[in-house]
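The structure under discussion appears below in the form of structure tokens.
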Amino acid sequence: MVKKPADILLYIPQRAPFVMVDELVYSDETTTVSKFLVNAQNIFIEDDYLQVPALVENIAQTAAARAGYISHTNKKPVLLGYIGAIKNLEIFFLPKIGAGLVTEITIVHHIFNVTLISGKIVCNNKVIACCEMKIFISK
């Protein structure tokens, strides 16, 4: 479980302008929660709305933050991960600049270097996006 907020860049390999999570809020064996504030400088802003690729990347980076947190806690380097597949992607609405997103991922299955997750993004107490992802971690 995350004990205190830390610099998210300690846990993810992505760097600006491609960082789509601001804070790792919670992480345990099966669940991880992150926060993200949609800002006007985001590379995926179009007509004041955050676009679908950013939402997909936000879910993936929440999973990356989980893996990075575990690595960091065990004093190991943060490894690169790759989205292998996306299933059942549903986008209910796009968040506007200034919106706060809370993203939760749940580990469905993990074997060797492959993790299947279920992810959802909530904005103003409404689910705005959800999907399943297969993520490969490079060793």
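One rule links them: number in our numbering = place in the sequence shown (from 1) + 1.
Beta carbons: idealized from backbone N, C-alpha and C, even for Gly.
In this text, all values refer to a predicted model and were calculated from it rather than measured experimentally.
Please classify residue i: does DSSP put it in a helix, a strand, or coil?
i: S72; result: helix
i: T63; result: helix
i: L51; result: strand
i: V115; result: strand
Taking 8 Å as the threshold (C-beta atoms), are residue j and residue i in contact?
i: Y70; j: L102; result: no
i: L56; j: P14; result: no
i: I106; j: G120; result: yes
i: L117; j: K135; result: yes
Sort out for me which residues DSSP pairs residue i with in a bridge.
i: I13; result: DSSP output for I13 lists no bridge partner at all.
i: E105; result: V34, K121
i: L25; result: S35
i: K97; result: Y50
Report the rounded CA-to-CA distance for residue i versus residue j, giving the unit in angstroms.
i: N89; j: V34; result: 20 Å
i: F19; j: I44; result: 8 Å
i: V39; j: K127; result: 16 Å
i: C124; j: A100; result: 7 Å
i: F37; j: V22; result: 5 Å
i: T32; j: I108; result: 6 Å
i: I129; j: T104; result: 10 Å
i: Q52; j: Q42; result: 13 Å
i: E133; j: F113; result: 18 Å
i: I92; j: I84; result: 18 Å
i: K76; j: Y12; result: 11 Å
Please list the terminal residues of the continuous beta strand (DSSP E) segment that includes residue i.
i: F137; result: 127-138
i: E91; result: 82-92
i: F37; result: 32-38
Quick check on residue i - is its C-beta less than 8 Å from some C-beta in chain C?
i: L38; result: Although the question refers to chain C, the structure presented lacks it and comprises just one protein chain.
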